Amino acid sequence: MAAKYHWLRPQLPSVTDGMRLSFRRNPLATPLENWVNEVAAITTPNRIVYCDGSETENRRILAEMLLGDEAFKLNEKTYPNCYLHRSSPNDVARTEHLTFISVPNKDDVGPTNNWMDPYGAKHKVGVLLKGAMRGRTMYVIPYIMGPADSPLSKLGVEVTDSPYVVANMRIMSRMGKVAQERLATSDDFVAGLHSLGDLDPMRRCIVHFPQEKLIWSVGSGYGGNALLGKKCFALRIASTMARDQGWMAEHMLILGLEAPGGKVTYMAAAFPSGCGKTNLAMMVSALESQGYRVWTVGDDLAWMKIGCDGYLHAINPEAGFFGVAPGTGQNTNPNAMEALRSNTIFTNVGLTPDSEPWWEGIGAPPPPGLINWKGEVWDTSKGPAAHPNSRYTVPAHQLPSISPEWEAASGVRISAFIFGGRRARIAPLVYESFDWQHGTFVGATMGSETTATATGEVGITRRDPMAMLPFCGYNMADYFRHWIEIGKKIPHPPKIFHVNWFRRGADGNFLWPGYGENVRVLKWILERVENRGSAEETPIGYVPGGDGLTLDGLQLAPGALEELMRVNPADWHRELEDSRQFFDKFGTRLPCEIREEHEKLSNRLSRSRTP
Ligand code: GTP
Ligand code: SPV
Ligand code: MN
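Residue numbers 981 to 1591, in the working numbering, belong to the letters of the sequence shown in order.
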């Protein structure tokens, strides 16, 4: 079996036996062409199209997308060059239980990843890919993750039989000629093979081969399952590259906070899927009249490396935003609302009789004759008209708040890391860790309620370290080790914070207004980075002192602020116990520093209970 599937990626050192087979390879062809021909031999498409990324080509791809019965052109007057695509109703979110990391040793993926051995995976998924593109066009998409001239950028190639995927990749990455030029002779690219297959969830599988820099995805046309540059490459494969090469690939937004006088301080924040990254990165600051303004560098991913200046430098590997539509409106995210008026692909939103997109929270009532995301005439009995994980794909440069530095080749200097999640209780609005090691522990103990971004139950609290639970391409214990070690190497490390916009009061409502008001928390973080700002020590870290947060102009319910800041030792003891059970899964592979921080927190909590 090994030899049979070995030739699927012969040009890279193989996990199978290290042998480089040369049959079927054309010595005059580039490594890319050789790989593409080999993929075509398995998937047997009707024709192969190499994408150049041009406008003419894009129009052709969009026309091909429209030939499918689930794609529509939107109102050309009000939404020029915008499209609606409906995915299969059983294919509307990432499927974590069908996502695998394939390396020889099961222990190397750890207890939080699904594992397949590489021989078995190549066989099992090879069967699903055999003839999968019959009758279809196979598009070859060369792309760069990161600004074209950045030394932090990396090359990828995705082959796919979905024109929708091509159109999305054109927005989300630097695609076509610019990448093709670099690929002319190089075999240093992450190869991604994607096929819609028959979209049957029983025959769906997303497998990563980090040792071969190879991704195979079959049976899904949705988001992170199909746009392989995003979570598959930029997180699962890149996290293993980052571990080996001494950099960081993180599930983080990147923003710049401008202060009065014009100085911009950059921060990167890791929140789990559906927990507010896009909204924070694009916020319109409630303190704009006081000179505080937020600039967007990225909304989902950060690749970071220590610069010669001793600071951590971050680039956004993406060129567009794949944002959650529901809840996006003029009041919550006016920047996104302006950006997505043109050149945007909407997925699984509602459709008005005027051929405009509609979703819950867009700021207008549902119009009569509204069509829901499944293509049915909507009424209240049918649930939300837009799927809760419906999305817009929009070019980053269209965003009014896009940072002038968003394509800076050397990235932006990161001064703060912010962890956060959805916690109805327990976690205060904001706290600051004591140092890097404690901050790593804060990230490692993150918990969050699940959202509609992945299939499965919504609202279940689970541990989601650094928001990387579904995205870390190797054993998470080793990932914690990587965090601890890299912290020692950064001469000017970012300070580490934790936020929670989602704490609820006794009435069940959110205590904090969120969105643009979150700038008040960012302002305190900035002050702490600059060694100013009042803070009080608690067992879990520093929280803003009595006058620490700028609250002028904000009406909070009586007692809300106290409840938002409250650190209840009994709650935290329970939280620690839950974390301990999670950490126990890693056995002796868990870094001792994590256990040490656990112990220290436990002691601080016990002390704070005694009067
Ligand atoms: P992914 O793109 O899936 O990784 O999600 P994300 O982290 O970018 O989350 P996003 O900003 O799209 O927000 C997800 C949901 O949370 C949306 O419905 C938002 O309206 C809501 N949300 C975002 N920020 C806030 C906030 O500050 N407060 C409250 N209450 N809700 C928020
Ligand atoms: C997420 O779920 O974190 C997303 C959407 O950003 S997806 O691209 O589907 O992963
Ligand atoms: Mn997002």
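A virtual CB, placed ideally from N, CA and C, is assigned to each residue, including glycine.
In this text the structure is predicted, and so the values were computed from the model without any measurement.
At least one heavy atom of ligand 2 sits closer than 7 Å to the Cβ of F1302. V1187 places its beta carbon less than 8 Å from that of S1082. Ligand 1 has a heavy atom closer than 7 Å to the beta-carbon of G1256. Every unbroken stretch of the alpha helix (DSSP H) spanning 4 or more residues and falling wholly within the region 1521-1576 is given here in chain order: 1540-1545 and 1549-1564.
In this model, S1322 and L1179 are separated by some 29 Å (Cα to Cα). Here P1011 carries a helix assignment [DSSP, helix/strand/coil]. Of all alpha-carbon atoms in G1567, R1587, K1257 and F1563, the one lying nearest the alpha-carbon of H1578 is that of F1563. Note that the region 1050-1064 does not touch the region 1524-1541; fewer than 3 beta-carbon pairs, one per stretch, sit closer than 8 Å. The region 1405-1413 and the region 1471-1482 touch, with no fewer than 3 CB-CB distances between them shorter than 8 Å.
In the structure shown, the three-state DSSP call for L1409 is coil. Distance from the CA of M1446 to the CA of E1387, rounded to the nearest whole angstrom, comes to 25 Å. Unbroken beta strand (DSSP E) stretches of 3 residues or longer found wholly inside the region 1399-1478: 1410-1412, 1427-1429 and 1441-1443, given in chain order. DSSP places V1120 in the strand class (E or B) of the three-state scheme.
For Y1030, the enclosing beta strand (DSSP E) begins and ends at R1027 to Y1030. Taking C-beta separations shorter than 6 Å and ignoring five residues to either side along the sequence, the partners of I1195 in its chain run G1172, H1188, L1208 and C1212, following chain order. Closest in C-alpha terms to G1256, from the list R1040, N1455, T1245 and A1432, comes A1432.
For G1355, same chain residues with a beta-carbon under 7 Å away, outside a window of 5 residues either side, are R1066 in chain order. M1113 carries a coil assignment under DSSP once its states are collapsed to helix, strand and coil.
Residue range R1273 to G1278 is occupied by the beta strand (DSSP E) that includes T1276, with no alpha helix (DSSP H) assigned at that position. Residue pairing by DSSP puts A1249 in a beta bridge opposite L1233 and I1398. For the 8 Å CB-CB criterion, G1303 and R1371 form a contact.
Under the rule that a run must span 4 or more residues, the alpha helix (DSSP H) segments found entirely inside the region 1161-1216 read 1203-1206.
Leaving aside the five residues that flank C1452 on each side, the residues in its chain whose CB is nearer than 6 Å to its CB run, in chain order, S1219 and Y1459. With distances taken between CA atoms, E1268 lies nearest to L1237 out of P1252, A1250 and L1237. The count of Cβ pairs closer than 8 Å, one atom from the region 1417-1426 and one from the region 1286-1305, stays below three, leaving the stretches out of contact.
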